[in-house]
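Chemist:
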Amino acid sequence: MIAVIDYKAGNLTSVVKALRYLGADNIVVTQSPEEVLRADKIVLPGVGHFQSTQLLADLGLTQAVREAVAKGTPFLGICVGLQWLYEGSTEAPETAGLGHFADECERFPAVFEGVELKSPHVGWNSLEEVRAASRLLRGVTPGSFVYFTHSWRAPLSDDTAAKTMYGGAFTSVVERGNVMGVQFHPEKSAETGLLVLRNFLGL
Amino acid sequence: MLTKRIIACLDVRGGRVVKGVQFVDIVDAGDPAELAIRHARGGADEIVLLDITATHEGRGTLLDTVKRAAAQLFVPFTVGGGIRSAEDAAAVFDAGADKVSINSSAIARPELIGEIGASFGAQAVIVAIDARRGKHGVSDAEVYVSGGRKPTGLRLVEWAREAEQRGAGEILLTSMDKDGMRDGFDCELTRAVSEAVQIPVIASGGAGSAADFADVFKAGRADAALAASIFHFGVTDSRALKAEVAAAGVAMRLPC
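Chains as they are written, first to last, in the numbering used here: chain B, 1 to 203; chain R, 204 to 459.
(1) Is E361/R close to chain B, meaning its C-beta is less than 8 Å from at least one C-beta of that chain?
(2) Give me, in chain order, the residues of the same chain whose beta-carbon lies closer than 7 Å to that of R138/B; leave out the 5 immediate sequence neighbours on both sides.
(3) Let me confirm a value: G285/R is counted as buried when at least 16 other C-beta atoms fall within 10 Å, else exposed. Which label applies?
(4) Checking contacts by CB at 8 Å: is R369/R closer than that to chain A?
(5) What whole-angstrom Cβ distance do D161/B and V174/B have, given they're in contact under 8 Å?
(6) Can you tell me whether A428/R is helix, strand or coil according to DSSP?
(7) So, using beta-carbon positions, are G114/B and G324/R closer together than 8 Å?
(8) Can you give, in chain order, each stretch of the alpha helix (DSSP H) that sits fully within the segment 342-395 of chain R and has at least 4 residues?
(9) Who pairs with C105/B in a beta bridge, going by DSSP?
(10) Once DSSP output is grouped into helix, strand and coil, what is the label at R38/B?
(11) On the three-state DSSP scale, how would you describe V227/R?
(12) Taking only the alpha-carbon atoms, compute the straight-line gap between A451/R and L37/B and give it to the nearest angstrom.
(13) Could you tell me whether any Cβ in chain R is nearer than 8 Å to the Cβ of A154/B?
(14) Looking at I5/B and L44/B, is the spacing between their C-beta atoms short of 8 Å?
(15) If we define contact as Cβ-Cβ less than 8 Å, is E365/R a contact residue for chain B?
(16) Here's the rule I'm using: 16 or more other beta-carbon atoms within 10 Å means buried, otherwise exposed. How should T149/B be labelled?
(17) Nearest-angstrom Cα distance between L194/B and A309/R?
(18) Tell me, to the nearest whole angstrom, how far the beta carbon of L429/R is from that of C212/R; I am working on the premise that it is less than 8 Å.
(19) One question on the structure: do F145/B and S89/B come within less than 8 Å of each other, judged by their Cβ atoms?
(20) When we look at the beta-carbon of R335/R and count the other beta-carbons within 10 Å, is it buried (16 or more) or exposed?
(21) How about A243/R and V278/R: are their beta carbons less than 8 Å apart?
(22) Counting only C-beta atoms, is H121/B closer than 8 Å to chain R at any point?
(23) Helix, strand or coil, according to DSSP, for H339/R in the structure here?
(24) Under 8 Å between the Cβ atoms of I402/R and E367/R?
(25) Please classify I316/R: does DSSP put it in a helix, a strand, or coil?
(26) Give me the chain R residues within the contact set of M180/B, using Cβ-Cβ distance strictly less than 9 Å, ordered along the chain.
(27) Sorted by chain position, which residues of the same chain lie with C-beta nearer than 8 Å to Y347/R's C-beta, five sequence neighbours on each side aside?
(28) Provide the residue(s) that pair with V76/B in DSSP beta bridges, ordered along the chain.
(29) Under 8 Å, with one C-beta from each stretch per pair, do the segment 404-413 of chain R and the segment 182-196 of chain B reach the 3-pair mark?
(30) Relative to the alpha-carbon of R271/R, which residue among P235/R, L253/R, A292/R has its alpha-carbon at the smallest distance?
(31) Check each residue of the segment 312-324 of chain R: if its Cβ is closer than 7 Å to any Cβ of chain B, include it; give the result in chain order.
(32) By the criterion of Cβ-Cβ separation under 9 Å, what are the contact partners of F50/B in chain R?
(33) For G283/R, does the count of other Cβ atoms within 10 angstroms reach 16, so buried, or fall short, so exposed?
(34) Is the shortest distance between the beta-carbon of E187/B and the beta-carbons of chain R less than 8 Å?
(35) Check whether chain R comes within 8 Å of T13/B, counting only Cβ atoms and requiring the distance to be less than that.
(36) Using beta carbons (cut-off 8 Å, strictly below), is F200/B in contact with chain R?
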């Protein structure tokens, strides 16, 4: 069973539809910590404000995810779902993330190298320095394009599995063991996105 | 590197894709769901489906079309036409759209922009603006509704800024002077809006050649450009177009 966590932030239709298209037939859209603990895989989608992840703590889902990933359940965070894996975000300083990865997410700079930078970062951008051993990115060629829409971004670290350039480099894919996140929308990223989701389903 | 987007637009009436030259000679160009999927496979970066009649009776047909298209679309998918409330938007999102485009309903009640954004995120709300140059050109360009027939008295740049402040995720700017002419986008008009707002601006109206796209990305500072008529009647492959635009020095998603 694949648990897709619903925390009332945006539209889950596209993610569920893409997983079904790839053959996942046992998907449960849920807010239940018990179901998260029982799941074979967990997906945390998300568009919107970091503050909406506060609901995860309020419903006991943060603790459930912490226990599930500790016993090895594969976890995929998408967009804000990736950001939540960090300690927090300047978008909502009062709301704590899972803290699985160090540091916090920050807003794109208004000016980069003397040039005004538009924000949000919207559109197709490339995955660079794709980690060869990444299980999530198996078969993904460096330079492949994926679809982004976001204003906050995660910092680079040793857990970065791919980076993307916009106002400097940021983490577009993070992966350590069974815990993974993508800043882009795999369900909207054509063949490359479907490949990433297929890799996740195959774990 | 962030690429510029080329968006294929399908104008739908009564469940079929239509394309007219300046709103006359409307010709049937096929099933919208099937065409949307073909465009995506052909390399379009994004698909927009506009219900140009948007009658109350036609809503069921439209939602069915959106559902059929979305089932096999894995690029961003926008639906516009006839969305007058957050409930209308929710129905379109439930059917599988990623973004909605609102135009006259946002002018009639600007709060609608924030209402849809509150539930589905700002990235899901495109405010479409139809504009014509004024007496003094771009500086007094005015916003129109009803397919470009009815002036609103709103200044283009002011309305674009207000839409952004109210939480629009993107602006879809159509030049009514250029629409259907196929002799190039209004780059000056596009640039005026692009420089006035932080959010992405999608240029529309006037696409005729690859050079037109390159111009609106460079001189017009558009983040994306939309075209309908140049893609129809069997032309659902945008790879050749994108290769030409890339050769003119614009970052494109290639291969795709």
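From the three backbone atoms N, C-alpha and C, an ideal C-beta is built for every residue, glycine too.
Modeler: So, from the data block:
(1) At a cut-off of 8 Å between beta-carbon atoms, E361/R makes no contact with chain B.
(2) The beta carbon of R138/B lies closer than 7 Å to those of N199 in the same chain, with the five residues before and after it left out.
(3) The residue in question, G285/R, is buried, as its Cβ has 16 or more Cβ neighbours within 10 Å.
(4) Of the protein chains in this structure, namely B and R, none is chain A.
(5) Correcting the residue type first, residue 161/B is Ala in the shown sequence and not Asp. Yes, they are in contact, since the Cβ atoms of A161/B and V174/B sit about 6 Å apart, within 8 Å.
(6) Strand at A428/R.
(7) The answer is no: Cβ separation not under 8 Å.
(8) The alpha helix (DSSP H) runs lying completely inside the segment 342-395 of chain R and spanning 4 residues or more are 359-368, given in chain order.
(9) Here C105/B is bridged, per DSSP, to S89/B.
(10) Secondary structure at R38/B: helix, using DSSP grouped into helix, strand and coil.
(11) The pLDDT assigned to V227/R is 48, lower than 50, so where the model puts this residue is not dependable; a value taken from the coordinates is nonetheless given after this. Note: V227/R maps to strand in three-state DSSP.
(12) Whole-angstrom Cα-Cα distance: 53 Å.
(13) It does not: the Cβ of A154/B has no partner Cβ on chain R nearer than 8 Å.
(14) For the pair L44/B and I5/B, the CB atoms are nearer than the 8 Å cut-off.
(15) Taking Cβ atoms only, chain B never reaches closer than 8 Å to E365/R, which makes this a no.
(16) The C-beta of T149/B has 16 or more other C-beta atoms within 10 Å across all chains shown, which makes the residue buried.
(17) Taking the straight line from one Cα to the other gives about 35 Å.
(18) Yes, L429/R and C212/R are in contact; Cβ-Cβ is about 5 Å, under 8 Å.
(19) Contact flag unset, no.
(20) Counting the other Cβ atoms within 10 Å of the Cβ of R335/R gives 16 or more, which makes it buried.
(21) In contact: A243/R and V278/R (Cβ atoms closer than 8 Å).
(22) Interface criterion met: the Cβ of H121/B is under 8 Å from a Cβ in chain R.
(23) H339/R: coil per DSSP, three-state reduction.
(24) Contact: yes.
(25) DSSP places I316/R in helix when its eight states are reduced to three.
(26) Under the 9 Å cutoff, chain R gives no residues; its nearest Cβ is about 19 Å from M180/B.
(27) The residues D333, A334, R335, K353, P354, T355, M379, in chain order, have a CB closer than 8 Å to that of Y347/R in the same chain once the five nearest residues on each side in sequence are set aside.
(28) Contrary to the premise, residue 76/B reads as Leu rather than Val in this sequence. For L76/B, which the question treats as bridged, DSSP gives the partners V43/B, M180/B.
(29) Contact annotation: the segment 404-413 of chain R does not touch the segment 182-196 of chain B, with fewer than three C-beta pairs closer than 8 Å.
(30) Taking only the C-alpha atoms, the option nearest R271/R is P235/R.
(31) Going along the segment 312-324 of chain R in chain order, one finds F323, G324 with a Cβ nearer than 7 Å to chain B.
(32) The contact set of F50/B on chain R, defined by CB atoms closer than 9 Å, is empty, because the minimum CB distance reaches about 12 Å.
(33) G283/R should be labelled buried.
(34) Yes, contact with chain R.
(35) Look at T13/B: its C-beta is under 8 Å from a C-beta on chain R.
(36) Interface criterion not met: the Cβ of F200/B is under 8 Å from no Cβ in chain R.
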